[in-house]
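Following: one structure in structure tokens, then a few remarks.
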Amino acid sequence: MNFLVIVLSSQLLYYLLIAQTGVVGAFHSHIHDLYTLPIGGIIGAVLSAWRSHRFLTIELYVLFALQGVISWFYPDYSLWMLWILGFLVGYTTPLLLYAFRFQSKLSLALGLAISYAIGTALYSYPFDERGGIAIALPLISMIALYFSRLQSDMDAEKKPFRWITLVLMMLCIFADSALFETLSRSGDIDIWGKYPLLIINSHLLGVYLAYRYGTELTKQSRIILTLFLLSYMFYGLKIPLLLSIIYPIVISYYNVLLFQALIRLADIRLIGLSMVGVGWIATSAANAIALEHQLWIAIIVFGAFSLLYPFYFRRFL
1058 MNFLVIVLSS
1068 QLLYYLLIAQ
1078 TGVVGAFHSH
1088 IHDLYTLPIG
1098 GIIGAVLSAW
1108 RSHRFLTIEL
1118 YVLFALQGVI
1128 SWFYPDYSLW
1138 MLWILGFLVG
1148 YTTPLLLYAF
1158 RFQSKLSLAL
1168 GLAISYAIGT
1178 ALYSYPFDER
1188 GGIAIALPLI
1198 SMIALYFSRL
1208 QSDMDAEKKP
1218 FRWITLVLMM
1228 LCIFADSALF
1238 ETLSRSGDID
1248 IWGKYPLLII
1258 NSHLLGVYLA
1268 YRYGTELTKQ
1278 SRIILTLFLL
1288 SYMFYGLKIP
1298 LLLSIIYPIV
1308 ISYYNVLLFQ
1318 ALIRLADIRL
1328 IGLSMVGVGW
1338 IATSAANAIA
1348 LEHQLWIAII
1358 VFGAFSLLYP
1368 FYFRRFL
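Read left to right, the sequence shown gives residues 1058 to 1374 (the working numbering).
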């Protein structure tokens, strides 16, 4: 069994259930109580990009242990503690993706499938009562890391960095986060409470399709853009059943290809700096739009990109 897959899935769950939805929900989506979280994340990602990481395994052990320590205080976080939480997540994610550079696409797909299935099942768990989950996930990561083998002394084949890929990554994260955070606060469309099994199966289908048929993120951009447009349309038309099918599929599909593109960079500096834009800037901008109930901004940005893409961006592919 590949225990590094468990490390990846537990850390993705920590980000989803604690750092993203848990903290935001526990603080009732008040931006002035949360702004230090993304600041810490950006600083952590930048710092991770400029260190050599000669002792990668030891660093991950320390980071998971610190996650466990700060999780004891969940959800009673001060601004400084939110900064620390953001820093830990921001610093850890590039290291984990870098450590995953020798793993197969199947291992990546399994890690994402596990995290989406469990994350969907636990999504409706009350925000204020996720303290046990917050403590358990770093502990699982540490135990799984103990049984994992990291090939930190070897060089993997590196894919060239392309700005268009980063732009597409940020757009996908932006469109996803804006719709996700809007849906999370929607009183009339509760897809996670009404269709949890359908959403889990749709996530698994999206992961399978990405594993079986997905290639490069940029080469699959038309499919991804189309699925996102359908997701926004079904949200606007208030059709939760179709939204529960299409939206999880596109989330899982593009994330497999996005993580694959980041991992294939095989360069901690490029991964860390890319995560600043992908994991924090795009997400924070989308969250601000959703929290202020201005989803129309996301629709305009996404629509403008979709219109420009065939005439300009495709020449970079």
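Note that beta-carbon positions come from the ideal geometry of N, C-alpha and C, so glycine has one too.
Here the structure is a predicted model, which means the values were calculated and not measured.
Three-way DSSP call (helix, strand, coil) for residue i in this model
i: Tyr1182; result: coil
i: Arg1326; result: helix
i: Pro1151; result: helix
i: His1089; result: helix
i: Gly1271; result: coil
i: Gln1351; result: coil
i: His1110; result: coil
i: Asn1344; result: helix
i: Leu1240; result: helix
Euclidean distance between Cα positions of residue i and residue j
i: Ala1191; j: His1085; result: 18 angstroms
i: Leu1322; j: Phe1144; result: 22 angstroms
i: Pro1253; j: Arg1111; result: 42 angstroms
i: Thr1078; j: Thr1150; result: 17 angstroms
i: His1087; j: Ser1241; result: 14 angstroms
i: Ser1234; j: Arg1219; result: 23 angstroms
i: Ala1347; j: Val1119; result: 34 angstroms
i: Val1080; j: Ser1363; result: 32 angstroms
i: Arg1279; j: Val1126; result: 43 angstroms
i: Ile1302; j: Leu1314; result: 19 angstroms
i: Asn1059; j: Ala1345; result: 38 angstroms
i: Ala1339; j: Leu1065; result: 22 angstroms
Proximity winner among the options, relative to residue i (alpha-carbon distances)
i: Leu1073; options: Arg1242, Val1313 and Phe1237; result: Phe1237
i: Tyr1203; options: Gly1189, Thr1272, Ser1172 and Ala1122; result: Ala1122
i: Met1226; options: Lys1251, Ser1241, Asp1185 and Lys1276; result: Lys1276
i: Asp1133; options: Ile1075, Val1064 and Ala1102; result: Ile1075
i: Gly1020; options: Ile1281, Leu1117 and Ser1128; result: Missing from the structure shown is residue 1020; the chain here goes from 1058 to 1374 and no further.
i: Leu1154; options: Tyr1131, Val1062 and Tyr1182; result: Val1062
Q: Could you tell me whether the region 1324–1339 touches the region 1280–1289, using the rule of 3 or more Cβ pairs below 8 angstroms?
A: Judged by Cβ distances under 8 angstroms, the region 1324–1339 makes no contact with the region 1280–1289, as fewer than three pairs qualify.
Q) Do three or more CB pairs link the region 1157–1169 to the region 1259–1268 at distances below 8 angstroms? A) Yes: the two stretches touch, three or more of their Cβ pairs being nearer than 8 angstroms.
Q. Would you call the region 1087–1106 and the region 1187–1205 touching, i.e. three or more CB-CB distances under 8 angstroms?
A. The region 1087–1106, when compared against the region 1187–1205, does not touch it at the 8 angstroms Cβ threshold.
Q. On the three-pair Cβ rule with 8 angstroms, is the region 1215–1229 touching the region 1134–1143?
A. Put simply, the region 1215–1229 does not touch the region 1134–1143. Fewer than three CB pairs are less than 8 angstroms apart.
(Q) When you compare the region 1309–1321 with the region 1150–1162, are there three or more beta-carbon pairs, one atom per stretch, that lie closer than 8 angstroms? (A) Because the criterion of three Cβ pairs below 8 angstroms is met, the region 1309–1321 and the region 1150–1162 touch.
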